[in-house]
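> Reading the sequence shown from the start, the letters are residues 200 to 421 in my numbering.
Backbone N, C-alpha and C fix where the C-beta goes; we use that ideal spot for every residue, glycine too.
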Amino acid sequence: MNMAGFRAFAAQVRDPRLLATRRRTALRKCLERFAPYGHRATWHHLCTRAGIAPQDRDPDPARLLAALAELEEARTLWLAYEAECVARRRREKRDGIRQPGALDAWHRRTWGGCEIVPCAAPHRHPAAPLAAVLRTVIAAMESGRPRNDCPVCGSPRFRPLTDTDRRAAGPVCADCGVITPAALLTRDTLAAARREAPGAGTVAPAGATAGPGARFGASMAA
Ligand SMILES: [Zn+2]
Numbered sequence: 200m201n202m203a204g205f206r207a208f209a210a211q212v213r214d215p216r217l218l219a220t221r222r223r224t225a226l227r228k229c230l231e232r233f234a235p236y237g238h239r240a241t242w243h244h245l246c247t248r249a250g251i252a253p254q255d256r257d258p259d260p261a262r263l264l265a266a267l268a269e270l271e272e273a274r275t276l277w278l279a280y281e282a283e284c285v286a287r288r289r290r291e292k293r294d295g296i297r298q299p300g301a302l303d304a305w306h307r308r309t310w311g312g313c314e315i316v317p318c319a320a321p322h323r324h325p326a327a328p329l330a331a332v333l334r335t336v337i338a339a340m341e342s343g344r345p346r347n348d349c350p351v352c353g354s355p356r357f358r359p360l361t362d363t364d365r366r367a368a369g370p371v372c373a374d375c376g377v378i379t380p381a382a383l384l385t386r387d388t389l390a391a392a393r394r395e396a397p398g399a400g401t402v403a404p405a406g407a408t409a410g411p412g413a414r415f416g417a418s419m420a421a
């Protein structure tokens, strides 16, 4: 993971001397370094929230800056979490209480910040800001308590991934579209998800994620 790369591309997104199309390309390059939902879903998410048409080659630079700000907020949060994990691991090793578990497997998969909360389809992702979603997923993983609902939107409905190669990662939330780590869910919930028809890979309009987003807000306040 090239961390200096992210900062260099972020500086290009901010550079008013560059054409909007160059600044847009630089923002896409940032996503090669940090993309919590995966490259395509994160791009679609940022464009939706900042009001950029995903195919617009010449977007309003102010909107590019808004998208970058959201991405950087999430990245700062994630890098702080990684640093905290490294420090904790070191402490536990020193005290001889280190016990690798589900959290380690998740860290191995997500380290560096790409596909932390992968989405099954690029057009289906939570509507809430990236940093808020990361915060709830981190809290859910850290709690270590298996649950019956999606940690992002609270939905109890899951489906198996259409993509059988990735199916072991976990089922797809039928409402917000994130692949929920299997380690987070109870055995009953996983079994129920396996009985559903594979899916959530269908393209839904961006507005379809507004409902789960609204519930997300409510669950944060609780
Ligand atoms: Zn969900």
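1. Going by beta carbon distance, what residues of the same chain come within less than 6 Å of H324, once the five residues before and after it are set aside?
2. Within 8 Å: the Cβ of T335 and any heavy atom of ligand 1?
3. So, are the CB atoms of E173 and R248 less than 9 Å apart?
4. How should A373 be labelled, buried or exposed, when 16 other C-beta atoms within 10 angstroms of its C-beta is the threshold for buried?
5. Tell me whether T379, by its Cβ, gets closer than 8 Å to a heavy atom of ligand 1.
6. In the DSSP assignment, the alpha helix (DSSP H) including E271 goes from what residue to what residue?
7. Taking just the CA atoms, how far does A338 sit from A392?
8. Look at the alpha carbon of A367 and the alpha carbon of A330, and state the distance between them as a whole number of angstroms.
9. According to the neighbour-count rule (16 or more other Cβ atoms, all chains shown, within 10 Å of its Cβ), is P355 buried or exposed?
10. Is the beta carbon of L218 sitting closer than 9 Å to the one on D255?
11. For the pair the segment 272-284 and the segment 300-317, tell me if three or more CB-CB distances fall below 8 Å.
12. Report the three-state DSSP secondary structure of C375 (helix, strand or coil).
13. For the putative contact between P267 and V212, defined by C-beta atoms under 8 Å, what is the C-beta separation to the nearest angstrom?
14. So, is G250 buried or exposed, given that buried needs 16 or more other C-beta atoms within 10 angstroms?
15. Can you tell me whether L230 is helix, strand or coil according to DSSP?
16. Could you give the distance in angstroms between the alpha-carbon of E271 and the alpha-carbon of G343?
17. Give the range of the alpha helix (DSSP H) segment to which I315 is assigned.
18. Taking buried to mean at least 16 other C-beta atoms within 10 Å of its own C-beta, is D348 buried or exposed?
19. Whose C-beta lies closer than 6 Å to the C-beta of A382 among residues of the same chain, with five residues either side of it excluded?
In this structure, then:
1. Here residue 324 corresponds to residue number 125 of the sequence shown, with the count starting at 1. Y236, A240, H244, C318, G376.
2. By one-based count along the sequence shown, residue 335 stands at place 136. The answer is no for T335.
3. Only positions 200 to 421 of the chain appear in this structure, which leaves residue 173 out of reach.
4. Numbered from 1 along the sequence shown, position 174 holds the residue referred to as residue 373. Buried is the call here.
5. Within the sequence shown, the letter at position 180 stands for residue 379. Yes, the beta carbon of T379 sits closer than 8 Å to at least one heavy atom of ligand 1.
6. Here residue 271 refers to the residue found at position 72 of the sequence shown. Per DSSP, E271 belongs to the alpha helix (DSSP H) from 260-293.
7. Residue numbering aside, residue 392 sits at position 193 when the sequence shown is read from its first letter. Residue numbering aside, residue 338 sits at position 139 when the sequence shown is read from its first letter. So the alpha carbons of these two residues sit roughly 23 Å apart.
8. Position 168 of the sequence shown, counted from the first residue, corresponds to residue 367. Position 131 of the sequence shown, counted from the first residue, corresponds to residue 330. One C-alpha to the other measures close to 26 Å.
9. One-based indexing of the sequence shown puts residue 355 at position 156. It is exposed - the Cβ of P355 has fewer than 16 other Cβ atoms within 10 Å.
10. Numbered from 1 along the sequence shown, position 19 holds the residue referred to as residue 218. Numbered from 1 along the sequence shown, position 56 holds the residue referred to as residue 255. No; because the gap between Cβ atoms is not below 9 Å, this pair is not in contact.
11. yes
12. Translated into positions along the sequence shown, residue 375 becomes position 176. The answer is coil: DSSP assigns C375 none of H, G, I, E or B.
13. On the sequence shown, residue 267 is found 68 positions in, with the first residue counted as 1. On the sequence shown, residue 212 is found 13 positions in, with the first residue counted as 1. It should be pointed out that residue 267 corresponds to Leu in this sequence rather than to Pro. Indeed, because the Cβ distance is near 5 Å, the residues count as touching under 8 Å.
14. Taking the sequence shown and counting its residues from 1, the one referred to as residue 250 is at position 51. Classification of G250: exposed, given that the 10 Å Cβ count is below 16.
15. Along the sequence shown, one-based indexing puts residue 230 at 31. Here L230 sits in helix by DSSP.
16. The sequence position of residue 271 within the sequence shown is 72, counting from 1. The sequence position of residue 343 within the sequence shown is 144, counting from 1. If I take the Cα positions, the gap works out to 27 Å.
17. The residue labelled residue 315 in the question sits at position 116 within the sequence shown. I315 -> no alpha helix (DSSP H), and no H or E assigned at all.
18. Residue 348 sits at position 149 when you count from the first residue of the sequence shown. When all chains shown are included, D348 counts as buried.
19. In the sequence shown, the residue the question calls residue 382 occupies position 183. These residues qualify, in order along the chain: A301.
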